[in-house]
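Residue numbers (numbering that gives the first Met the number 0): 0 to 256.
Even for Gly, the Cβ is constructed at its ideal location relative to N, Cα and C.
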Amino acid sequence: MVPTIGRPSLGVLLESLAAQRFDDARPAPVEVVVCDDRPLDGAPEALVLPDLPALTARGVPVRVVRSGGRGPAAARNAGWRSVRAEWVVLLDDDVVLPGDWSERLAADLAATGPDVAGTQARLRVPLPAHRRPTDWERNTAGLEGARWATADMAYRREVLEGLAGFDERFPRAYREDADLALRARRAGWRLVRGSRTTEHPVRPADPRVSVRVQAGARDDALMRALHGPRWREAAETGRGRFAWHVATVGAGVGALG
Numbered sequence: 000m001v002p003t004i005g006r007p008s009l010g011v012l013l014e015s016l017a018a019q020r021f022d023d024a025r026p027a028p029v030e031v032v033v034c035d036d037r038p039l040d041g042a043p044e045a046l047v048l049p050d051l052p053a054l055t056a057r058g059v060p061v062r063v064v065r066s067g068g069r070g071p072a073a074a075r076n077a078g079w080r081s082v083r084a085e086w087v088v089l090l091d092d093d094v095v096l097p098g099d100w101s102e103r104l105a106a107d108l109a110a111t112g113p114d115v116a117g118t119q120a121r122l123r124v125p126l127p128a129h130r131r132p133t134d135w136e137r138n139t140a141g142l143e144g145a146r147w148a149t150a151d152m153a154y155r156r157e158v159l160e161g162l163a164g165f166d167e168r169f170p171r172a173y174r175e176d177a178d179l180a181l182r183a184r185r186a187g188w189r190l191v192r193g194s195r196t197t198e199h200p201v202r203p204a205d206p207r208v209s210v211r212v213q214a215g216a217r218d219d220a221l222m223r224a225l226h227g228p229r230w231r232e233a234a235e236t237g238r239g240r241f242a243w244h245v246a247t248v249g250a251g252v253g254a255l256g
């Protein structure tokens with residue numbers, strides 16, 4: 000399942016998924032669901048997906064669900080509610096999966112105990128080697144230390160169902176993942192870091208970032224209202240730095256059985 004607004008990076012993500020080796024030790028996704036989060040009135044045409052014979056030849060269905068342009072939280076909810084597998088792997092639509100991703104994901108899921116709600120990948124942000132990184136690139140690199148980021152996060156479906164999924168009052172790709180993590184922990188579940196690594200390339204700079212920073216402050220205020228003044232400490236998140244990937248529409252790949 001991949002919620003998206005149809006950016007070119009979606010094709011790169013899907014191609015990296017199709018290039019994975021799948022076998023008994025590295026099970027293929029039960030299905031891949033793409034959540035098209037373009038506004039219904041602005042995108043009447045169906046989302047065109049790249050040809051994925053490497054998946055379809057293995058009998059892995061790929062389908063599209065429309066989520067109506069209501070933001071990544073609503074898009075992810077539409078995605079996970081449409082599947083029935085035990086685990087749902089959430090990805091942003093601008094990540095790239097390395098060749099050993101499926102093997103390491105299988106190991107991460109197998110290592111979880113019954114009290115584990117979710118397992119997070121370790122994010123790697125490639126920076127230029129021939130020059131100093133820009134402020135934009137350095138801020139994106141901060142994702143490498145992010146906790147419970149849905150750039151690559153696997154959740155048990157029963158946890159998502161029990162918590163009613165993502166809170167759709169968070170309209171941007173910001174704080175909705177921290178909110179879900181806090182609610183999961185308060186319900187008695189554990190969250191862990193896995194062994195898999197996912198690449199998060201630096202996307203083009205956003206000229207409207209100052210506007211998005213102000214919008215992110217509203218999400219911080221909602222977190223305080225929901226979780227109290229010490230929510231940052233509980234969520235293990237930084238203070239006052241609005242992630243540059245705020246425009247990212249989350250991706251959730253495949254539900255694994």
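- In the DSSP assignment, valine 191 is bridged to Thr118.
- Three or more Cβ pairs closer than 8 Å define a contact, and the stretch 29-39 falls short of that threshold against the stretch 120-129.
- Leucine 225 and arginine 217 have their alpha carbons spaced roughly 12 Å apart.
- For alanine 172, no alpha helix (DSSP H) segment is defined, and its DSSP state is neither H nor E.
- Here DSSP, grouped into helix, strand and coil, assigns aspartate 36 to coil.
- In this structure, alanine 120 lies near glycine 193, with their beta-carbon atoms less than 7 Å apart.
- Each residue's CA atom was taken as its position, placing aspartate 99 and phenylalanine 169 some 33 Å apart.
- Under a 10 Å Cβ-count criterion, aspartate 114 is classified as exposed, with fewer than 16 other Cβ atoms of the shown protein chains found around its own Cβ.
- DSSP lists Leu89, Gln119 as the beta-bridge partner residues of methionine 152.
- DSSP places threonine 236 outside both helix and strand once states are collapsed to three, so it counts as coil.
- In the DSSP assignment, proline 2 falls within the beta strand (DSSP E) that extends over 1-3.
- Residue environment for glutamate 175: buried (at least 16 other C-beta atoms within 10 angstroms of its C-beta).
- Check the Cα spacing between valine 191 and each of Trp147, Leu159, Glu136: the tightest is with Trp147.
- Contact annotation, aspartate 93 with serine 8: C-beta distance approximately 4 Å; criterion of less than 8 Å satisfied.
- Note: valine 64 is bridge-paired with Cys34 in the DSSP secondary-structure output.
- In the three-state scheme derived from DSSP, where H, G and I count as helix and E and B as strand, valine 124 is classed as coil.
- Between valine 59 and proline 97, the gap from beta carbon to beta carbon reaches 7 Å or more.
- Assignment of valine 94 by DSSP, reduced to helix, strand and coil, places it in the coil class.
- Taking every protein chain shown into account, the CB of proline 52 has fewer than 16 other CB atoms within 10 angstroms, so this residue is exposed.
- Going by C-alpha positions, phenylalanine 165 is about 17 Å away from tryptophan 230.
- Scanning Arg156, Asp219, Arg184 for the CA closest to the CA of arginine 75 turns up Arg156.
- Cβ neighbours of alanine 106 within its own chain (closer than 7 Å, five residues either side excluded): Ser194.
- Note on geometry: alpha-carbon atoms of threonine 139 and alanine 153 lie some 21 Å from one another.
- DSSP, read as helix, strand or coil, puts glutamate 198 in strand.
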